[in-house]
Structure formats: structure tokens, C-alpha cells
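Colleague: Pasting a structure below so you can have a look.
Residue numbers (my numbering): 2 to 607.
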């Protein structure tokens, strides 16, 4: 007697049987429907994007979505930076969507930016049909390969059944450990085909196990070193902001009583109003912050990575200091500077543990930092942060930015472009809370400000949101003003218009004998303004204001703050000769900090 065909089929394992039963009960969705449903299940409420051929099936699905707001941008780079601004202002995941080929490559700058600054970003891109991949099909780019070095992970999806698991894994990777960008590239046929939608999916990520809980013995050693130090400095980086650890930092810093410096990415992590705060360190940091590093005997590094803009020449950075380095990313510890006490963990949790350990250690050690504070207070008195009035009679850019901060207050959000105005915004606005200061720190991306402010306003609609931009940066992404007008996103844009690429011009003035090679932009100081930013604002449906005199500054800012039915653009005509001081020239040690031109402060080498 012949066996039945069924007898030749292998029996299903219990796990396979469970999965088959789940699939039988699950709703059947197209791949596009699965992307949308996954986003909804993952709590996403806002996305930024621009459709095209390879992502069209998903956009057809998105049209009927009632739980997700889609903001149609004018350029995919705008979608990426808007998603960054959304994430940086709220602490939530930012989502950007683009089609294949140039749509996807236009996201690359924002993805690289998010990678450098540890921003949780999900980039979803369409891809050509899987049968066409590798043939140089129309708008085919291997975007998962292109972005591999600048993402935490890149996924390529060709099977609709994989979408729920990939989407859940992507969000998990982007938002846990050290946050960062993740790319999900989905072929067009995977979007069109159908498969059972199984939720919650199983997430299997071999090798991805971020350490959040620190080693207790290392924490104890760190606490004892802090208590025994004579000249400690708390070196606070952007990781404190990303971890939401500002309350734990405040409790720890106030208990220890040591000076605190907040890097460019950490402005607001610790309040500027605290007497413990020495300000920002680095290339354009305050003299007390820069020299505190050089004279310290112990650096307590919290979520920072020894960026070259902070350290100057690494071999000459903090020459007398031992290092306690706390970071969730083990790859950062020891990368630039050896750490006597390396601590891998979530800085929020570690600070809680360290506070308890220090309290015990301090009872035995009785730390005394009074002589250290005497020295730092002298530096603060001798080298206060300030600026000179321009000799050409035009507005001081520092004063304009300071006035924006004073009138808007610490509850506002400030997104800066890159260059001189970025440094002045970091220096002259007082930050009292995290997520109030948004900028492109690691990548230094011109064009970041306007779309990032747009994303921040979507995330925080009840806050006043400023984009503080330069006339060079503004011309790279100002098309998103149209997005703001149409979608009722009333951001305020302050163009610090010195009619030049200001930071490059400053370096040319200082290091190239004043040869200003191709840095004049002709946007504000001549009779013909190309473009005229007030007319451009009007064309985009925004309120345009031009300010040339001191008397006009406050009324213009007040009008901008009171106008909430459309975006506002203020064209501040400022001096092109203003420079950012202090400054540590590139390639030298921090001990060579210049307080002003031809003025170097003395520092204690002992």
C-alpha cells in the first residue's frame, strides 16, 4: 500500500506550529499597509516626507491614515532635518520618508547629521522592484549600502512578511543604547504584495545588547577619585541630553560642588543660571571653561566623546587630569583619551549610582575645592564673555542674538544653523533646560536650522520656536518656509545677515592675511540684495521684516513673537567684521586660547 503524500511531509515543530497559527489568525495586509500599521503600533504620530515612484504604494496607503500626520516637505533633506528637530525637541523618534535614488540620497546628509549627534531617526525609503535590483534601473541606488557607515543599522526588505519585525527592530535600535539613525529600504514589490500582519513581532538582534547598568566597583572607584580630587571638572556632553539625565546631573553636581562645563551639544543640560556652570568649552568656549580643563586634575566625562572642537590638540588637552569616562557607547571610551576609570552604562542610571557612592566617599575624604574655585572665580572676573561694538555702525550680531534670547526666554526652542551665528547663539542665549538648543554639532550641516525648527514646532506646538540662521545657511533650505506656511507651522526665523559666509571669512581674516576668497554673498550690505529676504518671505506667505538699527530690534522681535498665523522672517543687517571670541585656533592646544585678537590669557601650568 502506497503512503499518502501527507506522510512524506515533516511534522511542524512547536515553534513553527505557533507561528502558523498566528499567521492564520492575523489580518492580511499589503507591505505598504504593514508599514503604516507598524508605525501606528509603535506610537508614531508625525512623519515628514516627499513621495516618488518607488514609495508610491506606501503613500497611497498613507493617504487614508487618521492617526499619523504627514508633513509634505519641499526637499528630502528638509524631511531629514525636520525629523531631527522633531526628535531633538521632544526626545521622541523622528521619521523621514523618501523615494528611491535621488530621494534617498537627499536624505543622506540628515542621516549623517543624526549619526554624528546621536539623534533617534527612522528613515524609510522606497526601492525599485526586487527583480530590477542590480540592473541600474531608473532611480536605483543601493541606499542601504550607501548609508551603512552612517547608520546604526540599515535594512533592505524584499518580503512583506518581514515588515512588522523590521519596523519594530528599527525603532528599537534607533531609540535604545546610544540613539541614532536607522534606515529601512523597502522594494516596490514588497510594498504591493500581501502577507499576514503579525503583531507584536519577534525581534531577534544577535549582538545588539546595549549595557545600561554600570559596574558597581568602577562607580565606587570613581566616587572616591572625585572626593579625593583638588581640581575636578564635570565635562558634560550631549549624551546627558539624549539620556534625559538632566535632573540626575543637577542632583549630582550640586552635591559634589565641582565646576560644570556643557559642550555645544549639551547646552541646557545644566542650567546656565547655576553658579557651578562655567559655560561652554572648546574652540569658542569661555576662557574659564577652557582653562579649567587645562588646569584640572580630574575630568568626570559624562556622555561626551572628546570631540576635536573641545580638546584642541588631543596630546595637549588637560595634561594633568585623570579621566573618569561614563558613556553608553563602549566604542567612545578610550578612543581619543585613555580613561583611568571607564564606565559603560546609561548616564542617567550611572549618575544615580554615583551620587550614592560619592555621598559615602565624601564622608571619609571631606573634599575641599575652595582653592580651585578661587582660581576659577578669578578667571571669570578677568575673562567674562562679551563683545565689542562694530566700528562700521552696523548692528552687533551678538547683541541681536542676546536680545532674542532675553525676550523669548528659556522655555523657547532655538535651532541654529552652522557658523558664527551658531557659536553666538550657544554663547549669548541663556539655556536653562534640555532640548531647548538644537544645532548640527558633529557634522556642521549648513541648512539645518529652518527645517529643524519646523520639526521642533510640530513636536512642541505650544512653544515659541526660533530658527537662528545665517544668510548662507538660510539659502540652502529656505524652501521649507512654504511647508511651514501651508501646514500652519509658525516658526520665527532670524537671519543674522552679514552678507558673507561669516565663519569662513573670519578664518580668512585671521589665517589667510585677509584674503576673502569667494565668501561674499551680497545679501544685505549693498543696494542690490540678491536675494531680498523680505520679498522672499512675502513670496512664501511669511511675514518679512528688515532691521538695520538698534531701535528697530526689539519691536521686530516683539512683532515676530506676536505673529502666529504664519512664519516670520527677520532680516537683521549686521556687521561682517564681527568675530567669534574666544577662539582656540585649529591644530593647537587649548592653552593657546585667544580671548580676543592678539590677547591670550595666562594659565597655570602647575
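All residues carry an ideal CB built from backbone N, CA and C; glycine is no exception.
No experiment lies behind these values; they were computed from the predicted model shown.
Give the DSSP-derived three-state secondary structure of residue 533 in the structure shown.
Modeller: Taking the first residue of the chain shown as position 1, residue 533 is located at position 532. Here residue 533 sits in coil by DSSP.
Colleague: CA-CA distance, residue 46 and residue 578?
Modeller: Here residue 46 is taken as the residue at index 45 of the chain shown, counted from 1. Here residue 578 is taken as the residue at index 577 of the chain shown, counted from 1. Answer to the nearest angstrom: the Cα atoms are 45 Å apart.
Colleague: Kindly indicate which three-state DSSP category residue 106 falls into: helix, strand or coil?
Modeller: For the purposes of this step, residue 106 is taken as the residue at position 105 of the chain shown. DSSP places residue 106 in helix when its eight states are reduced to three.
Colleague: Take residue 595 and list the residues in its own chain whose beta-carbon comes closer than 8 Å to its own, dropping the five residues that flank it on each side.
Modeller: Numbered from 1 along the chain shown, position 594 holds the residue referred to as residue 595. Closer than 8 Å at Cβ, skipping near neighbours: 582, 583, 584, 585, 586 and 601.
Colleague: When you compare only the Cα positions, how much space is there between residue 481 and residue 74?
Modeller: Counting from one through the chain shown, the residue named residue 481 turns up at place 480. Counting from one through the chain shown, the residue named residue 74 turns up at place 73. So the alpha carbons of these two residues sit roughly 6 Å apart.
Colleague: Quick one: using the 10 Å Cβ neighbour count with 16 as the cut-off for buried, is residue 6 buried or exposed?
Modeller: Residue numbering aside, residue 6 sits at position 5 when the chain shown is read from its first letter. Low local confidence applies: a pLDDT of 48 at residue 6 is under 50, so the model's placement there is unreliable, with the coordinate-based value given in what follows. Classification for residue 6: exposed.
Colleague: Which of the three DSSP states, helix, strand or coil, is assigned to residue 464?
Modeller: One-based indexing of the chain shown puts residue 464 at position 463. DSSP places residue 464 in coil when its eight states are reduced to three.
Colleague: Give the secondary structure of residue 438 by DSSP, where H, G and I count as helix, E and B as strand, and everything else as coil.
Modeller: Residue 438 sits at position 437 when you count from the first residue of the chain shown. DSSP places residue 438 in strand when its eight states are reduced to three.
Colleague: Roughly how many angstroms lie between the CA atoms of residue 552 and residue 570, to the nearest whole one?
Modeller: To locate residue 552, count along the chain shown from 1; it is residue 551. To locate residue 570, count along the chain shown from 1; it is residue 569. Answer to the nearest angstrom: the Cα atoms are 18 Å apart.
Colleague: If we count the other Cβ atoms within 10 Å of its Cβ and call it buried at 16 or more, is residue 2 buried or exposed?
Modeller: What you label residue 2 is simply residue 1 of the chain shown in a count that begins at 1. At residue 2, the pLDDT of 43 sits below 50, so the modelled position is not reliable; the number obtained from the coordinates is stated separately. Burial call: exposed.
Colleague: Report back the beta-carbon spacing between residue 111 and residue 81 to the nearest angstrom; my notes put them in contact at under 8 Å.
Modeller: Locating residue 111 in the chain shown gives position 110, counting from the first residue. Locating residue 81 in the chain shown gives position 80, counting from the first residue. Rounded, the Cβ-Cβ distance is 2 Å, consistent with contact.
Colleague: Assuming residue 241 and residue 270 make a contact with CB atoms under 8 Å, what is their CB distance in whole Å?
Modeller: For the purposes of this step, residue 241 is taken as residue 240 along the chain shown, with counting starting at 1. For the purposes of this step, residue 270 is taken as residue 269 along the chain shown, with counting starting at 1. Confirmed, about 4 Å.
Colleague: Would you say residue 141 and residue 158 are within 9 Å of each other, going by their C-beta atoms?
Modeller: Taking the chain shown and counting its residues from 1, the one referred to as residue 141 is at position 140. Taking the chain shown and counting its residues from 1, the one referred to as residue 158 is at position 157. Cβ atoms of residue 141 and residue 158: not closer than 9 Å.
Colleague: What number of angstroms, rounded off, separates the C-alpha of residue 333 from the C-alpha of residue 385?
Modeller: Within the chain shown, the letter at position 332 stands for residue 333. Within the chain shown, the letter at position 384 stands for residue 385. About 33 Å.
Colleague: What does the Cβ neighbour count give for residue 405, buried or exposed, with the cut at 16 atoms within 10 Å?
Modeller: As a first step, residue 405 is located in the chain shown; it is residue number 404 there, counting from the start. It counts as buried.
Colleague: Does the segment 361-369 come close enough to the segment 219-228 to have 3 or more Cβ pairs within less than 8 Å?
Modeller: In short, these stretches touch, since the Cβ pair count reaches three.
Colleague: Report the CB separation of residue 164 from residue 35 in whole angstroms; it is logged as a contact under 8 Å.
Modeller: Working through the chain shown from its first residue, we reach residue 164 at position 163. Working through the chain shown from its first residue, we reach residue 35 at position 34. Contact holds; Cβ gap of about 4 Å.
Colleague: Suppose you measure from the CA of residue 680 to the CA of residue 440; what does that come to, to the nearest Å?
Modeller: Absent from the structure is residue 680, since the part of the chain shown begins at 2 and ends at 607.
Colleague: Where do the N-terminal and C-terminal ends of the beta strand (DSSP E) with residue 235 fall, by residue?
Modeller: For the purposes of this step, residue 235 is identified with residue 234 of the chain shown, where counting begins at 1. Run containing residue 235: 233-237, per the beta strand (DSSP E) assignment.
Colleague: Could you name the residues of the same chain whose beta carbon sits closer than 6 Å to that of residue 310, not counting the 5 residues immediately before and after it, in chain order?
Modeller: Within the chain shown, residue 310 is the residue found at index 309, counting from 1. Closer than 6 Å at Cβ, skipping near neighbours: 283 and 284.
Colleague: Could you tell me which residues DSSP pairs with residue 156 in its beta bridges?
Modeller: On the chain shown, position 155 is the one that residue 156 refers to. Per DSSP, 185.
Colleague: Going by CA-CA distance only, name the one from 454, 448, 446 and 382 that's closest to residue 438.
Modeller: Counting from one through the chain shown, the residue named residue 438 turns up at place 437. For residue 438, the nearest C-alpha among the options comes from 454.
Colleague: Is the CB-CB distance between residue 131 and residue 30 below 9 Å?
Modeller: By one-based count along the chain shown, residue 131 stands at place 130. By one-based count along the chain shown, residue 30 stands at place 29. Against a cut-off of 9 Å, the Cβ pair of residue 30 and residue 131 comes out as no contact.
Colleague: Out of 37, 348, 42 and 337, which one is the CA nearest neighbour of residue 192?
Modeller: For the purposes of this step, residue 192 is taken as residue 191 along the chain shown, with counting starting at 1. Checking every option, the nearest Cα to that of residue 192 belongs to 37.
Colleague: When the Cβ atoms of the segment 420-429 are set against those of the segment 381-401, are three or more pairs found closer than 8 Å?
Modeller: The segment 420-429, when compared against the segment 381-401, does touch it at the 8 Å Cβ threshold.
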